[in-house]
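*Asks:*
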Amino acid sequence: MKYRGKAHKFGDNINTDDIIPAKYLHTHDPAELAGHCMEHVDKRFVKKVKPGDIVVAGRHFGCGSSREHAPIAIKACGISCVIAENFARIFYRNAINTGLPVISFKEASGAIKKGDTVEVDTQKGTVKNITKRKTFKIEPYPPFIQKIIKKGRLLG
Amino acid sequence: MGYTITEKILLAHTKAKSVKPGDFITAKVDFCLGNDITAPIAIGEFERVKAKKVFDKTRIALIPDHFTPAKDMKSANQAKVLYNFAVKHKIAHYYEVGRMGIEHALLPEKGLVLPGNLVVGADSHTCTYGALGCFSTGVGSTDLAFAFITGECWLKVPETIKFVYHGKLRKWVTGKDLILYTIGRIGTDGALYKAMEFSGSAIESLSMDGRFTMCNMAIEAGAKNGIIEPDNAAVSYVKKAISRNKPGRRSFKLYKSDRDASYAEVVEYDVSKIEPQVSLPHLPSNTKPVNKLKNIFIDQVVIGSCTNGRISDLEIAARVLKGKKVRQGTRLIVIPATQAIYLEAVKRGFAKIFVEAGGVFSTPSCGPCLGGHLGVLAEGEKCLATTNRNFVGRMGHPGSEVYLASPSVAAASAVRGRIAHPKEVV
Chain A
1 MKYRGKAHKF
11 GDNINTDDII
21 PAKYLHTHDP
31 AELAGHCMEH
41 VDKRFVKKVK
51 PGDIVVAGRH
61 FGCGSSREHA
71 PIAIKACGIS
81 CVIAENFARI
91 FYRNAINTGL
101 PVISFKEASG
111 AIKKGDTVEV
121 DTQKGTVKNI
131 TKRKTFKIEP
141 YPPFIQKIIK
151 KGRLLG
Chain B
1001 MGYTITEKIL
1011 LAHTKAKSVK
1021 PGDFITAKVD
1031 FCLGNDITAP
1041 IAIGEFERVK
1051 AKKVFDKTRI
1061 ALIPDHFTPA
1071 KDMKSANQAK
1081 VLYNFAVKHK
1091 IAHYYEVGRM
1101 GIEHALLPEK
1111 GLVLPGNLVV
1121 GADSHTCTYG
1131 ALGCFSTGVG
1141 STDLAFAFIT
1151 GECWLKVPET
1161 IKFVYHGKLR
1171 KWVTGKDLIL
1181 YTIGRIGTDG
1191 ALYKAMEFSG
1201 SAIESLSMDG
1211 RFTMCNMAIE
1221 AGAKNGIIEP
1231 DNAAVSYVKK
1241 AISRNKPGRR
1251 SFKLYKSDRD
1261 ASYAEVVEYD
1271 VSKIEPQVSL
1281 PHLPSNTKPV
1291 NKLKNIFIDQ
1301 VVIGSCTNGR
1311 ISDLEIAARV
1321 LKGKKVRQGT
1331 RLIVIPATQA
1341 IYLEAVKRGF
1351 AKIFVEAGGV
1361 FSTPSCGPCL
1371 GGHLGVLAEG
1381 EKCLATTNRN
1391 FVGRMGHPGS
1401 EVYLASPSVA
1411 AASAVRGRIA
1421 HPKEVV
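Residue numbers (my numbering), protein chains in the order written: chain A, 1 to 156; chain B, 1001 to 1426.
(1) Given that A:Leu100 touches chain B, what residues does it touch there, using C-beta distances under 9 Å?
(2) Does the distance from the C-beta atom of B:Leu1374 to that of B:Ser1400 stay below 8 Å?
(3) Do three or more CB pairs link the region 1223-1242 of chain B to the region 1195-1203 of chain B at distances below 8 Å?
(4) Would you call the CB atoms of B:Ser1257 and B:Ile1005 closer than 8 Å?
(5) If we define contact as Cβ-Cβ less than 8 Å, is A:Gly152 a contact residue for chain B?
(6) Can you name the residues of chain B whose CB is closer than 7 Å to the CB of A:Ile90?
(7) Out of curiosity, what's the CA-to-CA distance linking B:Arg1331 and B:Ala1410?
(8) May I ask which residues mark the beginning and end of the alpha helix (DSSP H) holding B:Leu1010?
(9) Could you tell me whether any Cβ in chain A is nearer than 8 Å to the Cβ of B:Ala1145?
(10) Would you say B:Leu1118 lies against chain A (beta-carbon separation less than 8 Å)?
(11) How many angstroms separate the CA atom of B:Arg1418 from the CA atom of B:Arg1327?
(12) How close, in whole Å, do the beta carbons of B:Val1271 and B:Gly1167 come, if the pair is a contact with beta carbons under 8 Å?
(13) Using the beta-carbon of each residue, which ones in chain B are nearer than 7 Å to A:Leu25?
(14) Of all the beta strand (DSSP E) runs that stay within the bounds of the region 1104-1154 of chain B, which reach a length of 3 or more residues?
(15) Of all Cβ atoms in chain A, is any one closer than 8 Å to the Cβ of B:Tyr1403?
(16) Name the chain B residues whose beta carbon is nearer than 9 Å to that of A:His40?
(17) Output, in chain order, the set of chain B residues within a Cβ distance shorter than 7 Å of A:Leu155.
(18) Strictly under 8 Å for the Cβ-Cβ distance: is B:Phe1067 near chain A by that measure?
(19) Have a look at B:Gly1130, B:Gly1359 and B:Leu1169 and flag the residue whose alpha-carbon is nearest the alpha-carbon of B:Asp1299.
(20) With burial defined as no fewer than 16 other Cβ atoms inside 10 Å of the residue's Cβ, what is the status of B:Ser1243: buried or exposed?
(21) According to DSSP, simplified to helix, strand and coil, what is A:Leu154?
(22) Can you confirm whether B:Tyr1193, when its beta carbon is compared against all beta carbons of chain A, has any partner nearer than 8 Å?
(23) Please name the residue or residues paired with B:Asn1295 in a DSSP beta bridge.
(24) Leaving out the 5 sequence neighbours to the left and right, which residues in its chain are closer than 7 Å to B:Lys1057 when beta-carbon positions are compared?
(25) Can you round the beta-carbon distance between B:Ser1285 and B:Met1001 to whole angstroms, since I take them to be within the 8 Å contact cut?
(26) Using the beta-carbon of each residue, which ones in chain B are nearer than 8 Å to A:Cys63?
(27) Is there at least one non-hydrogen atom of the ligand NAP closer than 7 Å to the beta-carbon of B:Met1001?
(28) I want to know whether the region 1040-1048 of chain B touches the region 1333-1347 of chain B - three or more CB-CB distances under 8 Å.
(29) Check each candidate in B:Lys1294, B:Gly1034 and B:Ser1406 and name the one with the smallest Cα separation from B:Ala1079.
(30) Under the three-state reduction of DSSP, which class applies to A:Gln123: helix, strand or coil?
(31) By how many angstroms is the C-alpha of B:Ile1219 removed from the C-alpha of B:Gly1022?
(32) Check whether chain A comes within 8 Å of B:Leu1033, counting only Cβ atoms and requiring the distance to be less than that.
(33) Give a yes or no on whether 8 Å exceeds the smallest Cβ distance from A:Phe144 to chain B.
(34) Taking the CB atoms as reference points, tell me whether B:Met1252 and B:Ala1131 lie closer together than 8 Å.
(35) Where do the ends of the beta strand (DSSP E) carrying B:Phe1031 lie?
(36) Looking only at its chain, what residues have a beta carbon closer than 7 Å to the beta carbon of B:Lys1423, apart from the 5 residues adjacent to it on each side?
What follows is the structure, encoded as structure tokens:
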């Protein structure tokens, strides 16, 4: 699969309270959650996102709670995939289970700047910074995870 | 090469002949749980794929504990989803308000999670039960739906970091201080994807409540699970829970790590040097000894949560607060984690101490820990809480601040109106 869009940059330890504050967890309607995505970190984030855009972050993206509302909110506001140096484990499995592509890329913070156009090719195992004309290799998903991704989500 | 306790329990729950860190396995689940925030999505998934029945109605708990007693209409609707599903599928362990307690205090108390078990819960603090010598980990709602249907969960076998705590604890130093100290040393991703195995003489000397607190916060270091080899204290806790509540499943198995087990790392601490700890905003790893903190005035103190809402937590808070008053300008909110803890706190006079000190004593709920209800913070307010996370806006306004500490530091801080060491007050 290929994903292409503009990068929205975030730092380390972006937690699930950042992604979707708990006060909105009295619903799991994707559209309603999407409206509040990242609002504690960047109030205008949702307005800035164009369909297909990519979230690029530092270490430990998605740490904190097990709320599946977090990948649901990111996906529903139009983000095509999340690239981070590494991911918190429950967020990672929630993203895989619900079909939000998550890409571990160690150099994410340095190699991609805010607003760069980025293309991810999971088949080839590459992250391309189109703006900077640079291509990076990424580790392929383990075969077990690939099977879930092929189905689209854990529960088909 | 031998196995760690985590590897042994995982191996016992798969068809595989052997396991090693990094392996993906499909594991049999002994018990699974969800709450009023996570279970509605799981139930939605269960219904979306037209599943007809759950794998075992006695191995599922549905606990409306986060936004209950319902804080608003939408929360009431979510709790209702759990109730309806529980009735339809005859779920044995559904807890209505009045019987409900915070899930991670309630399930051990009821004897529903046992040594050697494999437990998955759609709540990140499911790692709490590792204090009983079981493998328990937080998963998502889709994972929970999958477990409802199949009784299984996919897992990656984690590497283990062994933490050895030597020496004797100083006065007022608790399991909470040890885990905050540890997270402060290794960072919020210091044990990412790994098992944290807690051991050593200081762990053996901890009460079960203190051990639950430590395993509870393993997730705050990024860990998959926290675990402690079960000893006499753990077995006696489990036997009491079983004889009190007579759960359907009563047999359990004690696992210990092999002497030649392989660890990613062994970390040793001398606890005799550790002071009561406080995590400053906005990460649990931002820890400092309490005596290094001067003049941090606070608007609110919360004593409770799945981390520190157990009876020995309330007991130590009551010991500090006895005959004292909460300082004018500071609010004290005490929330026992379960109904049994609530009753015991009433019987033993703790509730009276809290109320006479000028605090409130609330019904069990996760409430303020995640900025839900019963103590949401205004802009600019500072709260010292015995909870587990202090991220930006965790307990309310994004311009508020949360400090994490033990119940005795919390109680002393309520009396002083600023962050204080309990020895200042007692």
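For every residue, glycine included, the Cβ atom is placed at its ideal position computed from N, Cα and C. Since the structure is predicted, the reported quantities are computational estimates derived from the model, not experimental observations.
*Replies:* Once the coordinates are examined:
(1) Against the first sequence, residue 100 of chain A aligns to sequence position 100. Simply none; closest approach about 11 Å.
(2) The count along the second sequence starts at 1 and reaches residue 1374 of chain B at position 374. The count along the second sequence starts at 1 and reaches residue 1400 of chain B at position 400. The answer is no: Cβ separation not under 8 Å.
(3) yes
(4) One-based indexing of the second sequence puts residue 1257 of chain B at position 257. One-based indexing of the second sequence puts residue 1005 of chain B at position 5. A contact, by the Cβ cut-off of 8 Å.
(5) Indexing the first sequence from 1 puts residue 152 of chain A at position 152. A:Gly152 does not count as touching chain B.
(6) Start at 1 with the first residue of the first sequence, and residue 90 of chain A comes out as number 90. Here the neighbours are Ser1124, Gly1138, Val1139 and Gly1140.
(7) Numbered from its first residue, the second sequence carries residue 1331 of chain B at position 331. Numbered from its first residue, the second sequence carries residue 1410 of chain B at position 410. Taking the straight line joining both Cα atoms gives about 11 Å.
(8) Working through the second sequence from its first residue, we reach residue 1010 of chain B at position 10. Judged by DSSP secondary structure, B:Leu1010 falls within the alpha helix (DSSP H) whose first and last residues are Ile1005 to Ala1012.
(9) Locating residue 1145 of chain B in the second sequence gives position 145, where the first residue counts as 1. Yes, contact with chain A.
(10) In the second sequence, the residue the question calls residue 1118 of chain B occupies position 118. In terms of beta-carbon proximity, B:Leu1118 stays away from the interface with chain A, with every pair separated by 8 Å or more.
(11) Stepping through the second sequence from its first residue, residue 1418 of chain B is reached at position 418. Stepping through the second sequence from its first residue, residue 1327 of chain B is reached at position 327. Roughly 9 Å between the two C-alpha positions.
(12) Locating residue 1271 of chain B in the second sequence gives position 271, counting from the first residue. Locating residue 1167 of chain B in the second sequence gives position 167, counting from the first residue. Yes, B:Val1271 and B:Gly1167 are in contact; Cβ-Cβ is about 5 Å, under 8 Å.
(13) Here residue 25 of chain A refers to the residue found at position 25 of the first sequence. Near A:Leu25 (Cβ distances below 7 Å), the residues of chain B are Ile1037.
(14) 1118-1121 and 1135-1138
(15) Within the second sequence, numbered from 1, the residue matching residue 1403 of chain B stands at position 403. Not one chain A Cβ lies under 8 Å of B:Tyr1403.
(16) In the first sequence, the residue the question calls residue 40 of chain A occupies position 40. Here the neighbours are Phe1391, Val1392, Gly1393 and Pro1398.
(17) Along the first sequence, one-based indexing puts residue 155 of chain A at 155. What A:Leu155 touches in chain B: Glu1045, Val1049, Thr1142, Ala1145 and Phe1146.
(18) Within the second sequence, the letter at position 67 stands for residue 1067 of chain B. Yes, B:Phe1067 lies at the interface with chain A (some Cβ there is under 8 Å from its Cβ).
(19) As a first step, residue 1299 of chain B must be located in the second sequence, where it is residue number 299. Distances from the alpha-carbon of B:Asp1299 to those of B:Gly1130, B:Gly1359 and B:Leu1169 put B:Gly1359 closest.
(20) For the purposes of this step, residue 1243 of chain B is taken as residue 243 along the second sequence, with counting starting at 1. With fewer than 16 Cβ atoms within 10 Å of its Cβ, B:Ser1243 is classed as exposed.
(21) Start at 1 with the first residue of the first sequence, and residue 154 of chain A comes out as number 154. If DSSP states are grouped into helix, strand and coil, A:Leu154 belongs with coil.
(22) Numbered from its first residue, the second sequence carries residue 1193 of chain B at position 193. B:Tyr1193 counts as touching chain A.
(23) Taking the second sequence and counting its residues from 1, the one referred to as residue 1295 of chain B is at position 295. B:Asn1295 pairs with nothing; no bridge assigned.
(24) As a position in the second sequence, residue 1057 of chain B is number 57, starting the count at 1. His1089, Lys1090, Ile1091 and Ala1092.
(25) Residue numbering aside, residue 1285 of chain B sits at position 285 when the second sequence is read from its first letter. Residue numbering aside, residue 1001 of chain B sits at position 1 when the second sequence is read from its first letter. Not quite, the Cβ-Cβ distance comes to about 32 Å (not below 8 Å), so this is no contact.
(26) Here residue 63 of chain A refers to the residue found at position 63 of the first sequence. Within 8 Å Cβ-Cβ: Thr1188, Asp1189 and Gly1222.
(27) With respect to the ligand NAP, the structure shown offers nothing to examine, as it has no ligands at all.
(28) no
(29) Position 79 of the second sequence, counted from the start, is the residue given in the question as residue 1079 of chain B. If we check each option's Cα against that of B:Ala1079, B:Gly1034 comes out closest.
(30) Within the first sequence, residue 123 of chain A is the residue found at index 123, counting from 1. Looking at A:Gln123 - three-state DSSP - the assignment turns out to be coil, as it is neither helix nor strand.
(31) For this step, residue 1022 of chain B is matched to residue 22 along the second sequence. For this step, residue 1219 of chain B is matched to residue 219 along the second sequence. Rounded to whole angstroms, B:Gly1022 to B:Ile1219 spans 19 Å at the Cα level.
(32) The sequence position of residue 1033 of chain B within the second sequence is 33, counting from 1. No, because no Cβ of chain A sits closer than 8 Å to the Cβ of B:Leu1033.
(33) Within the first sequence, numbered from 1, the residue matching residue 144 of chain A stands at position 144. Closer than 8 Å to some Cβ of chain B, the Cβ of A:Phe144 qualifies, so yes.
(34) Here residue 1252 of chain B refers to the residue found at position 252 when the second sequence is read from its first residue. Here residue 1131 of chain B refers to the residue found at position 131 when the second sequence is read from its first residue. The residue asked about is misnamed: residue 1252 of chain B is Phe in this sequence, not Met. For B:Phe1252 and B:Ala1131, no; Cβs fall outside 8 Å.
(35) Translated into positions along the second sequence, residue 1031 of chain B becomes position 31. In the DSSP assignment, B:Phe1031 falls within the beta strand (DSSP E) that extends over Phe1031 to Asn1035.
(36) Position 423 of the second sequence, counted from the start, is the residue given in the question as residue 1423 of chain B. Correct list, in chain order: Trp1172.
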